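The opening residue of the sequence shown carries number 1 in the UniProt record's numbering; numbering runs sequentially from there.
Just so you know, even glycine gets a beta-carbon here, dropped at the ideal spot from N, CA and C.
Just so you know, these numbers come straight off a predicted model, no measurement behind them.
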Amino acid sequence: MELETSVYRPNVAVYDSPEGVEVRGRYDQVFAKILTREALGFVAELQREFRGHVRYAMECRRDARRRYNSGGIPGFDPSTKFIRDGEWVCASVPPAVADRRVEITGPVERKMIINALNSGAKVFMADFEDALSPSWENLMKGQVNLKDAVDGSITFHDKSRNKVYKLNDQTAKLFVRPRGWHLPEAHILIDGEPATGCLVDFGLYFFHNYAKFRQTQGSGYGPFFYLPKMEHSREAKIWNSVFERAEKMAGIERGSIRATVLIETLPAVFQMNEILYELRDHSVGLNCGRWDYIFSYVKTFQSHPDRLLPDRVLVGMGQHFMRSYSDLLIRTCHNRGVHAMGGMAAQIPIRDDPKANEMALELVRKDKLREVRAGHDGTWAAHPGLIPICMDAFTGHMGKNPNQIKSMKREDASAITEEDLLQIPRGVRTLEGLRLNTRVGIQYLAAWLTGSGSVPLYNLMEDAATAEISRVQNWQWIRYGVELDGDGLGVRVSKELFGRVVEEEMERIEREVGKDKFKRGMYKEASKMFTKQCTAAELDDFLTLAVYNHIVAHYPINVSRL
C-alpha cells in the first residue's frame, strides 16, 4: 500500500477514542486505521496499569542523579549479588533470530524501511527513538509503514527518480525500538495527562502486528524489540510486565515477545545481570550503545571535575573503560545464554573521495574485527554500504556458526572491577573539539526541529546521541573552565569563548550548506537552543526532552463529540 495523507479539515472528523483518551494530533484517515478505538484502548490499559511504576522509576533516576552530583559514583548493588552469582540462564534464543551477525538501523521512514529490510543484513532495527524526530506526522506514518512492512504490502514511489521500491522475497528480521521511559507523547492524553511515549509506540505496533509478525517473521515468536535508555533493572521489570500484559491480551504464549536491551547508560553497566534476570523469559541479549554510553558518562559525572572527557573523537573502544564495558557485556550475555551485540558503525560511504572512503572503510573493518574477536555475536551498521564489510568480518571469524554464545564465554572478563568500568579516559582537549561539538550539535538540532532525526554530517550518520555528547561536553567544559591542553596555548573555555565559537561556527555552517538552505532551515533557532543548553546553570537530562515542545502540534478537537 502506498502511503497517502489526507487534508485536515478542523472539526470535521475526530479519532474514535475510548473514554478518557483524547487524541490531539492532526486527523488523517490513514492514521485512523492505526488509532482505532480498540488499539487506543489497549494503549490506555497499559498506561493506567504501569504509569505509577514509571513515575517511581523516574524518581529513582532523579535520586541517583542527586547522589552522583553530591560526589557519589555508580557501582554494583550488594543487595542483588545473589542474582549476579546465581546459576540461571535466559530462555533459549528463538531460531528466527539466532543469527544476528549484522544489523542495520534507521528511522521508521517508508523508503528506509524497504531499503533496510532488503539490505542483506540479518536484522533491521526500525527506530522510534534517537534516529527519529518524534513529530506526530513521523510517529503515525511510522506506525503505518511498519504495519505495511509486516504484512508485506509496503511500497514507495520515488517520483524524482521514477522508481518504485518494494520488498524482496528474503528480508531482514524486523526489530522495533520504542522511545525511552522518560519521553512523553503529548499528542495523546490519557485521563488528562500525556501518554508515555514508549507505551504508545509499543502498544500501537504490537496491537496491529503481533499475529502477522509471528506468522511471517518470527516463526511462532515475536514481535521483537530493542529497549533503550534504561538505568536500572526496575525499568526492565516494568517492560517485562508490559510484555506479559500484551501476551495475555493477545492470547499468545508467555515468552513470545523478545527484546534486546541497549546498555547505553553508565549506571546500567552495573545492572546487566539484573536486567537480564528481570527479562529472562523475554530476553534476546544486550547491545553496546556506545555513543549514548559516552553521553551518560559525562552526565553521570557532570559534577565531578576530576572526570572530564577529552575530545569526543578520542573516546573510542581503545579507552580502558569502554573496552571493559564491552568485555563485561559479552561475558554477562554469554553466561546467561543470549546475544552480546556490538556497537554502531556510523560511517557513510564517501563517493567523491576514493582515498578518504577507503580510510573510513578500513576503520570500520578494524572495529568489526575487534568486536568479533572479542566475542560479540553481531554488530550495527548505519548504511547499507557497510554491510558487506561487517558481514565479511563476522563470517570470516564465525564461519557458519550463527553466534558465539557457547564458544566465547570470556571467563577472563569476570575479573573486571568497578574501577575498570569507571577509569578516567585519557587524551587532550582542543579548540577544534569544542568547535566540532558546536557545529554538529547545532546542525543536528536544526534537522531534528524540521523533522529529521537521522542526519548525515561530515561523513557520519548522526542521531541524537552525538548531539547529546556534544551538548554535555560543552556544558561541562564551560562550567569548569577547562584548559584546552591539546592546543599548547593555555586557553580556558569560558562563556565568552564559547559565544565566539558559536558565531564563527554558524558562519561556517552557512558556507557549507549554502545561503538558501541556511535561510530556509532552523539553524538560528537551533543555535539559540543549543547555546542555552550549553550555558545553563543546571544540565538538562536530555536535549530531546528539553526541546520536545517545539515540535508538538495540537489540533482543534470537535467539542460536540465531548
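- Here the alpha carbons of Met112 and Gly197 stand approximately 22 angstroms from one another.
- Beyond the five residues adjoining it in sequence on each side, Thr265 comes within less than 6 angstroms, by CB distance, of Glu231, Ser296 in the same chain, given in chain order.
- Annotation for Ser241: no beta strand (DSSP E) segment contains it, though the alpha helix (DSSP H) segment containing it runs 233-250.
- Judged by DSSP in its simplified three-state form, Val144 adopts helix.
- In this structure, Ala381 and Ile104 form a Cβ contact; the two beta carbons are roughly 5 angstroms apart against a cut-off of 8 angstroms.
- Around the beta carbon of His554, fewer than 16 other beta carbons sit within 10 angstroms, so the residue counts as exposed.
- A Cβ-Cβ separation of about 5 angstroms places Thr80 in contact with Glu274 under the 8 angstroms criterion.
- In this structure, Ala32 places its C-beta atom within 8 angstroms of the C-beta atom of Tyr15.
- Rounded to whole angstroms, the Cβ separation of Ile442 and Phe542 is 17 angstroms, and the two are not in contact under 8 angstroms.
- Ile330 sits buried, since 16 or more C-beta atoms from the chains shown fall within 10 Å of its C-beta.
- For Gln217 against Lys173, the beta-carbon gap comes to about 6 angstroms, under 8 angstroms, which counts as contact.
- Between Tyr458 and Pro305, the CB-CB gap reaches or exceeds 8 angstroms.
- Nearest C-alpha to Val547 among Ala446, Arg500, Leu484, Asn115: Ala446.
- Non-local beta-carbon contacts of Ser133 in its own chain, meaning distances under 7 angstroms to residues more than five positions away in sequence, involve Trp448, Gly451, Ser452, Gly453, Ile551 in chain order.
- In this structure, the straight-line span from the alpha carbon of Pro178 to that of Pro228 is close to 8 angstroms.
- With distances taken between CA atoms, Phe225 lies nearest to Met125 out of Arg426, Ile478, Met125.
- In this structure Asn145 is in contact with Val108, their Cβ atoms being roughly 6 angstroms apart against a cut-off of 8 angstroms.
- The alpha-carbon separation between Ala356 and Arg307 amounts to approximately 34 angstroms.
- When only Cα atoms are considered, Ser219 and Ala186 end up about 36 angstroms apart.
- Counting only runs of at least 3 residues, the region 362-422 fully encloses the following beta strand (DSSP E) elements, listed from N- to C-terminal order: 378-381.
- Looking at the DSSP output, Ala345 sits in a beta bridge with Ala381.
- Within a 10 Å sphere around the beta-carbon of Pro388 sit fewer than 16 other beta-carbons, which makes this residue exposed.
- For Ile424, no beta strand (DSSP E) encloses it, and the DSSP letter there is neither H nor E.
- If you draw a 10 Å sphere on the C-beta of Gln404, you find 16 or more other C-beta atoms in it, and that means buried.
- In chain order, Ile389, Ala393 place their CB closer than 7 angstroms to the CB of Arg365, counting only its own chain and leaving out the 5 sequence neighbours on each side.
- Taking a 10 Å sphere around the C-beta of Phe82, we find fewer than 16 other C-beta atoms and assign the residue as exposed.
- Partner residues in the beta bridge of Asn287, as assigned by DSSP, are Leu262, Met341.
- The Cβ atoms of His334 and Val284 do not sit closer than 8 angstroms to each other.
- Non-local beta-carbon contacts of Phe498 in its own chain, meaning distances under 8 angstroms to residues more than five positions away in sequence, involve Leu434, Thr438, Asn474, Ile478, Thr531, Cys534, Thr535 in chain order.
- C-alpha of Leu314 to C-alpha of Tyr523: approximately 27 angstroms in a straight line.
- In this structure, DSSP gives Glu87 a state outside helix and strand, which the three-state scheme calls coil.
- Thr196 sits in a strand when the DSSP states are folded into three classes.
- By the neighbour-count criterion, in which a residue is buried when 16 or more other Cβ atoms sit within 10 angstroms of its Cβ, Gln215 is exposed.
- Between the region 481-498 and the region 507-515 there are fewer than three inter-stretch CB-CB distances shorter than 8 angstroms, so the stretches are not counted as touching.
- Asn287 sits buried, since 16 or more C-beta atoms from the chains shown fall within 10 Å of its C-beta.
- For His320, the enclosing alpha helix (DSSP H) starts and ends at 320-335.
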